[in-house]
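What follows is a short report on a single structure.
Residue numbers (my numbering): 365 to 605.
See the structure below:
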């Protein structure tokens, strides 16, 4: 337990204040100072989701369908970032990571966005610096505000992270008429970039046949989710799927 029940704040974990909520700040600081990350071949950073725990959310099931097609659990460490700060996914059932309600993508307040970018980029940079010797490769699958924070963290820490989707793919799919002009991480061409990044890190084949197979795998995962009557809309913290 990161924060014992009797030590938790009475302040609700709802709305834009979640980012600087005392318990969220304390939990993320615990991750950055007391948590011991596992040593793995690859670390993969993925965005937090509205549905919790993250690992059971539709978006994370899709991510996992690609990740674990190529890597075993002993090879990869999945880390969630965004509104939750920096959260090793094996901790996603812990308070407060399981308990907050706020979607940054629905927030149009410039001050909140600026505060998020500043705070999250520094948190990510600290994690990257602290784990320099823990991973051989790092991949981040992200768009929007989360991507901006990760890019700044890489600049601050000077630790290499393969950030996907590729800028060229994003530009190709850019549609200014959409509420979120770059679409969602469910797009197959974005999934292709994610898959190729994982294959490169693992020294595996990145042929078109391999990518076609992984598309089918991720599509099957989404189909299975729909069969359980779980909605996949609005699952991610910052875009509409």
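The C-beta atom is built at its ideal place from N, Cα and C for all residues, glycine as well.
Between residue 460 and residue 365, the C-beta gap is not smaller than 7 Å, which leaves the two residues out of contact.
The C-alpha of residue 484 is placed about 12 Å away from the C-alpha of residue 476. For residue 395, the enclosing alpha helix (DSSP H) stretches over residues 386-397. The straight-line gap separating the alpha-carbon atoms of residue 396 and residue 545 is approximately 33 Å.
Here residue 413 carries a strand assignment [DSSP, helix/strand/coil]. Ranked by Cα distance from residue 464, the first of 446, 529 and 553 is 446. DSSP places residue 478 inside the alpha helix (DSSP H), whose first and last residues are 474-494. Among the bridge pairs identified by DSSP, residue 499 is matched with 404.
Pairing residue 502 with residue 406, the inter-Cα distance amounts to about 6 Å.
Membership of residue 518 in the alpha helix (DSSP H) is indicated by the continuous run 508-521. Taking every protein chain shown into account, the CB of residue 490 has 16 or more other CB atoms within 10 angstroms, so this residue is buried. The alpha-carbon separation between residue 471 and residue 404 amounts to approximately 35 Å.
Residue 374 sits in coil when the DSSP states are folded into three classes, being neither helix nor strand. Across the structure, residue 376 and residue 385 are spaced so that their CA atoms are roughly 8 Å apart.
The beta carbons of residue 380 and residue 518 sit about 26 Å from each other, so the pair does not count as a contact at 8 Å. The Cβ neighbour count for residue 374, taken over all protein chains shown within 10 Å, is under 16; the residue is labelled exposed. Taking a 10 Å sphere around the C-beta of residue 540, we find fewer than 16 other C-beta atoms and assign the residue as exposed.
Residue 510 is not a Cβ neighbour of residue 382, given a cutoff of 7 Å.
Inter-segment contact for the region 406-420 and the region 440-459 is present: three or more beta-carbon pairs are separated by less than 8 Å.
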